[in-house]
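In our numbering, the protein residues as written are 2 to 266. By construction, the Cβ of each residue, glycine as well, lies at the ideal position given by its N, Cα and C atoms. Note that the coordinates shown come from a computational prediction; the quantities given were computed from them, not determined experimentally. Here is the structure we will look at.
Shown next as structure tokens:
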């Protein structure tokens, strides 16, 4: 599950502004100083067993998402129309695996068994990928750019409420692997060559949006510690109203990504 930031150029409409929305970065406003858990480091915050459990869940979900992204990009490379495209996807897959290794290492460093932390999320994420298997090269690019970015927006929102050590790691593994500009270039070129492609890909992207949001909600609902943190059961978490605003921001970012691709939301 990855975030793909879009270069802001005249040729390419600005992509997801919410990649940093939780912190206020890029808005022209000074971000508020962290408070509560967000102002603590891991050693201090982890003294709360419920918070520790929520972070282990979060890292486990992210780690499995990165592993799945690596596998999917490797598969997508088989659909690439040129050797250059194949090599580009292989490079991105390698970056995803590096992110997975960092998360796996962090889980081990805090005394957790990485496989056990990832296991609760495997079925849901595998199910999402089965339900949204692309039928061709372009659908694969749209899925990686739009679908994964929705998940990354969600994790960035959560990251703003984490302790400083965990927050830094989460934001680093959500860094763009280069897929954003690559996907935009290829999809926009395909639409220019055949405008009919745009309608099909727009429908596909809307389906991805619905499936990704449903999957995120299911994952949170199934994990008590994680859901408690999100709805404000832990200091510095979201309240229910903020959860609604969070999903509104994610939806707004999706609309901007669609525009970057040259598609209607």
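Checklist entry - So residue 66 packs on residue 126, CB below 8 Å; how close in whole Å? => result As a working mapping, residue 66 is identified with position 65 in the chain shown. As a working mapping, residue 126 is identified with position 125 in the chain shown. That pair is a contact at about 6 Å.
Checklist entry - DSSP state of residue 264, grouped into three classes? => result The count along the chain shown starts at 1 and reaches residue 264 at position 263. The answer is coil: DSSP assigns residue 264 none of H, G, I, E or B.
Checklist entry - Do you know offhand how far residue 189's Cα is from residue 263's? => result Locating residue 189 in the chain shown gives position 188, counting from the first residue. Locating residue 263 in the chain shown gives position 262, counting from the first residue. Each residue's CA atom was taken as its position, placing residue 189 and residue 263 some 6 Å apart.
Next on the checklist: So, with DSSP's three-state summary, where would you put residue 182?
Outcome noted: Counting from one through the chain shown, the residue named residue 182 turns up at place 181. Looking at residue 182 - three-state DSSP - the assignment turns out to be helix.
Next on the checklist: Just to confirm the assignment: which complete alpha helix (DSSP H) runs, minimum length 4, are found wholly within the segment 114-165?
Outcome noted: Counting whole runs of 4 or more residues, the segment 114-165 contains the alpha helix (DSSP H) stretches 115-132, 138-143, 149-160.
Item to check | Three-way DSSP call (helix, strand, coil) for residue 219 in this model | outcome: Your numbering for residue 219 matches position 218 in the chain shown. In the three-state scheme derived from DSSP, where H, G and I count as helix and E and B as strand, residue 219 is classed as helix.
Item to check | Cβ separation of residue 61 and residue 122, assumed to be a contact under 8 Å, to the nearest whole Å | outcome: One-based indexing of the chain shown puts residue 61 at position 60. One-based indexing of the chain shown puts residue 122 at position 121. Contact between residue 61 and residue 122 holds: CB atoms are separated by about 6 Å, below the 8 Å threshold.
Checklist entry - Using a Cβ-Cβ cut-off of 6 Å (strictly less than) and excluding sequence neighbours within five positions of residue 54, which residues of its own chain qualify? => result What you label residue 54 is simply residue 53 of the chain shown in a count that begins at 1. When the five nearest sequence neighbours on each side are left out, the beta carbons in the same chain lying within less than 6 Å of the beta carbon of residue 54 are those of 226, in order along the chain.
Next on the checklist: Check this for me: beta carbons of residue 74 and residue 90, under 8 Å apart or not?
Outcome noted: Within the chain shown, the letter at position 73 stands for residue 74. Within the chain shown, the letter at position 89 stands for residue 90. Contact: yes.
Checklist entry - Can you list, in chain order, the residues of its chain whose CB lies under 7 Å from that of residue 219, leaving out five sequence neighbours each side? => result As a working note, residue 219 is residue 218 in the chain shown. Excluding the 5 residues flanking it on each side, residue 219 has same chain C-beta neighbours closer than 7 Å at 125, in chain order.
Checklist entry - With 16 other CB atoms within 10 Å as the buried threshold, where does residue 88 fall? => result As a first step, residue 88 is located in the chain shown; it is residue number 87 there, counting from the start. By the 10 Å Cβ count, residue 88 comes out exposed.
Checklist entry - Is the distance from the Cβ of residue 166 to the Cβ of residue 42 below 8 Å? => result The sequence position of residue 166 within the chain shown is 165, counting from 1. The sequence position of residue 42 within the chain shown is 41, counting from 1. Yes, the Cβ-Cβ distance between residue 166 and residue 42 is below 8 Å.
Item to check | Contacting residues, own chain, Cβ-Cβ under 7 Å from residue 101 (five flanking each side not counted) | outcome: Translated into positions along the chain shown, residue 101 becomes position 100. The answer, listed in chain order, is 64, 67, 68, 71.
Checklist entry - What first and last residue would you give for the alpha helix (DSSP H) that runs through residue 196? => result As a first step, residue 196 must be located in the chain shown, where it is residue number 195. Where residue 196 is concerned, there is no enclosing alpha helix (DSSP H), given that its DSSP letter is neither H nor E.
Checklist entry - Out of curiosity, what's the CA-to-CA distance linking residue 249 and residue 151? => result By one-based count along the chain shown, residue 249 stands at place 248. By one-based count along the chain shown, residue 151 stands at place 150. Distance between the alpha carbons of residue 249 and residue 151: 12 Å.
Checklist entry - Just the Cα atoms here: how many angstroms apart are residue 175 and residue 158? => result Working through the chain shown from its first residue, we reach residue 175 at position 174. Working through the chain shown from its first residue, we reach residue 158 at position 157. When rounded, the separation of the alpha-carbon atoms in residue 175 and residue 158 is 12 Å.
Next on the checklist: Checking 8 Å against the spacing of the C-beta atoms, do residue 253 and residue 205 come in under that value?
Outcome noted: Mapped onto the chain shown, residue 253 falls at position 252. Mapped onto the chain shown, residue 205 falls at position 204. Cβ atoms of residue 253 and residue 205: not closer than 8 Å.
Checklist entry - Taking the alpha carbon of residue 224 as the point to measure from, which residue in 130, 179, 119, 194 has its own alpha carbon closest? => result Against the chain shown, residue 224 aligns to sequence position 223. Nearest in C-alpha terms to residue 224, of all of 130, 179, 119, 194, is 119.
Checklist entry - So residue 209 packs on residue 133, CB below 8 Å; how close in whole Å? => result Walking along the chain shown from the start, residue 209 turns up at place 208. Walking along the chain shown from the start, residue 133 turns up at place 132. With a contact defined as Cβ atoms closer than 8 Å, residue 209 and residue 133 qualify at about 6 Å.
Next on the checklist: Taking 7 Å as the limit between beta carbons, can you name the residues of its chain near residue 80, skipping five residues before and five after?
Outcome noted: Position 79 of the chain shown holds residue 80. Short of 7 Å from the beta carbon of residue 80, and not among the five residues preceding or following it, lie these beta carbons of its own chain, in chain order: 137, 138, 141.
Checklist entry - Distance, Cα to Cα, residue 228 vs residue 156? => result Stepping through the chain shown from its first residue, residue 228 is reached at position 227. Stepping through the chain shown from its first residue, residue 156 is reached at position 155. Near 13 Å, if we compare the C-alpha coordinates of residue 156 and residue 228.
Checklist entry - In whole angstroms, what separates the C-alpha of residue 230 from that of residue 185? => result On the chain shown, residue 230 is found 229 positions in, with the first residue counted as 1. On the chain shown, residue 185 is found 184 positions in, with the first residue counted as 1. Cα to Cα, the separation comes out at about 35 Å.
Checklist entry - According to DSSP, is residue 62 helix, strand or coil? => result Position 61 of the chain shown holds residue 62. Three-state DSSP puts residue 62 in a helix.
Item to check | Run of the alpha helix (DSSP H) containing residue 44, from where it starts to where it stops | outcome: Walking along the chain shown from the start, residue 44 turns up at place 43. Run containing residue 44: 43-46, per the alpha helix (DSSP H) assignment.
Checklist entry - Of the residues 178, 171, 202, 154, which one's Cα is nearest the Cα of residue 246? => result Along the chain shown, one-based indexing puts residue 246 at 245. Checked all of 178, 171, 202, 154; the closest Cα to residue 246 is 154.
Item to check | Rounded separation between residue 251 and residue 164 - CA only | outcome: For the purposes of this step, residue 251 is identified with residue 250 of the chain shown, where counting begins at 1. For the purposes of this step, residue 164 is identified with residue 163 of the chain shown, where counting begins at 1. Residue 251 and residue 164: Cα-Cα distance of roughly 22 Å.
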